[in-house]
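> With the working numbering applied, the sequence shown covers 334 to 707.
For each residue, glycine too, the CB sits at the ideal point set by N, CA and C.
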Amino acid sequence: MNQNILLIAFPATADEALYWWHAVDGAVQAWGCDPDPLMASQAYGPDAAQVDVSVIALVPSHLTSIMAHEAISGANESQTLAAATMVAKAQSLEGEKVHIVATADGEGGVITASVGRDILSAGLVHLQALNIEPDAIIPSGWLLPVSGDGALSADFGFDQVVRADNIIASDDPALREFLFADRVVTPITGDAFDAMLVGASEKTDLNFRSGPFAKKTQRAMDAKQKRRLGWMAAALVIISLAIPLVQLAQYHWAAGAGDEAALASAAAVVGEQENPDSAERALDQRLIAENRGNIMFPVPASALYSALQQVPNVSITRMVYGENGIVSATLSAVRNEDINPALLAMQEAGFIITATPRTDATGSAQADITVRAP
Numbered sequence: 334m335n336q337n338i339l340l341i342a343f344p345a346t347a348d349e350a351l352y353w354w355h356a357v358d359g360a361v362q363a364w365g366c367d368p369d370p371l372m373a374s375q376a377y378g379p380d381a382a383q384v385d386v387s388v389i390a391l392v393p394s395h396l397t398s399i400m401a402h403e404a405i406s407g408a409n410e411s412q413t414l415a416a417a418t419m420v421a422k423a424q425s426l427e428g429e430k431v432h433i434v435a436t437a438d439g440e441g442g443v444i445t446a447s448v449g450r451d452i453l454s455a456g457l458v459h460l461q462a463l464n465i466e467p468d469a470i471i472p473s474g475w476l477l478p479v480s481g482d483g484a485l486s487a488d489f490g491f492d493q494v495v496r497a498d499n500i501i502a503s504d505d506p507a508l509r510e511f512l513f514a515d516r517v518v519t520p521i522t523g524d525a526f527d528a529m530l531v532g533a534s535e536k537t538d539l540n541f542r543s544g545p546f547a548k549k550t551q552r553a554m555d556a557k558q559k560r561r562l563g564w565m566a567a568a569l570v571i572i573s574l575a576i577p578l579v580q581l582a583q584y585h586w587a588a589g590a591g592d593e594a595a596l597a598s599a600a601a602v603v604g605e606q607e608n609p610d611s612a613e614r615a616l617d618q619r620l621i622a623e624n625r626g627n628i629m630f631p632v633p634a635s636a637l638y639s640a641l642q643q644v645p646n647v648s649i650t651r652m653v654y655g656e657n658g659i660v661s662a663t664l665s666a667v668r669n670e671d672i673n674p675a676l677l678a679m680q681e682a683g684f685i686i687t688a689t690p691r692t693d694a695t696g697s698a699q700a701d702i703t704v705r706a707p
């Protein structure tokens, strides 16, 4: 239960002063009747952001119609509430123009309350103009407790109400004589009246703020949530920066380990070297010295392909590179005369070649050749 409650009379006209009561920690601290009850009550105090106030508007009994409905056998609570709402709407003279709410009475039955939609709309506009947004709007008579065989009455200033069981009506002499003639009516005053007001937050089950009149929630963050969000944003930025830095460090360590492994492998061939670049240069010199440099295959192979581009009827069916730096290949054509221009082109380019002509099982001319750089 909220310990800070501001009760306000729901405005029935546009220019009336409104009764109000401010209850804090189980006691009514202030009350009055003012055109601007929010300012007069000072319910929010100097720091509105730090105060949680439950605002409850009380609709005068003459504007509402409250009905009791018996329990429906075999129906669950949702079905019972829906059925009672339909009955209340059907019995209303202006069924399409009233807003109806329902709640269980604790004994299997249902209580419905209805009020004109135009009354609700106009009253909410009036309150919003005063910067008041009620959390709940309930019939004022709903605050009165049930009193056994008797009846209870209360004077809210803007409304006089009588209640007996689930019969709630304006305290009009004619209605009292008609509805409560056989009951003793006991007024609620003094401390009992204050206690009734303090318990208003527990009586919001019959709340007109539903459906099209439901309060629109505004999501707001307090200072603690803002700080937490700030720390989360900072942590996200730090993590976003840390991930690539960690990956960069891992790549650096992996590259360093790879260089050390490469230097260790090269040391067995060219001796100790200062860095991978010097080790690569030493390995190249070693290969060239042994006629096994990386230039030995590309040069004769490219010369062979260049020569074959000049004779489109000749193709390569086999090519092998030996450790001695010689490229061996088999050329195929329809006739031996078609292969000769390719061989002559490589000789003119300065390459040393050998050629052994032959004929395969299909009758095609072939030549087994070797090519070596000069």
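Closer than 8 Å is the cut-off here; do at least three beta carbon pairs connect the region 572-586 with the region 470-480?
Taking a cut-off of 8 Å for Cβ pairs, the region 572-586 and the region 470-480 do not touch, as fewer than three such pairs fall below it.
> Measure the Cβ-Cβ separation of Ala417 and Thr436 and say whether it is below 7 Å.
no
> Under 7 Å, do Phe684 and Ala612 count as touching if we go by C-beta distance?
no
> Check Gln708 in the structure and name its three-state DSSP category.
As displayed, the chain neither begins before 334 nor continues past 707, which places residue 708 out of reach and without an answer.
> Use the C-beta contact count for Pro344: other C-beta atoms within 10 angstroms, 16 or more gives buried, fewer gives exposed.
buried
> What residues match up with Asp367 in a beta bridge as DSSP calls it?
Leu351
> Where does Leu569 sit, in a helix, a strand or coil, going by DSSP?
Collapsing the DSSP output to three states places Leu569 in a helix.
> Going straight from the alpha carbon of Asn627 to that of Ser573, what length do you get?
Summary for Asn627: the model assigns pLDDT 48, below 50, so the residue's position carries little reliability, and this model does not support an answer.
> Looking only at C-alpha atoms, which of Ala666, Gln680, Asn337, Phe630 sits nearest to Asn657?
Phe630
> Got a sec: is the Cβ-Cβ distance from Gly490 to anything in chain B below 7 Å?
Structure shown: chain B not included; a single protein chain is present.
> One question on the structure: do Ile702 and Ala688 come within less than 7 Å of each other, judged by their Cβ atoms?
yes
> Straight-line CA distance for Leu569 to Ile576?
11 Å
> State buried or exposed for Arg668, treating a residue as buried only when at least 16 other CB atoms are found within 10 Å of its CB.
exposed
> Residues in its own chain within less than 8 Å of Asp536 by CB, not counting five upstream and five downstream?
The amino acid occupying residue 536 in the given sequence is Lys; Asp does not appear at that position. Answer for Lys536: Ile471, Trp475, Leu476, listed in chain order.
> Can you name the residues that DSSP bridges to Gln493?
Asp488
> Output yes or no for whether 7 Å exceeds the beta carbon distance between Arg509 and Ala497.
In this structure, Ala497 does not lie closer than 7 Å to Arg509 by Cβ.
> When DSSP labels each residue in this structure, what does Val423 get in the three-state scheme?
It should be noted that the sequence gives Ala, not Val, for residue 423. Reduced to three states, the DSSP call for Ala423 is helix.
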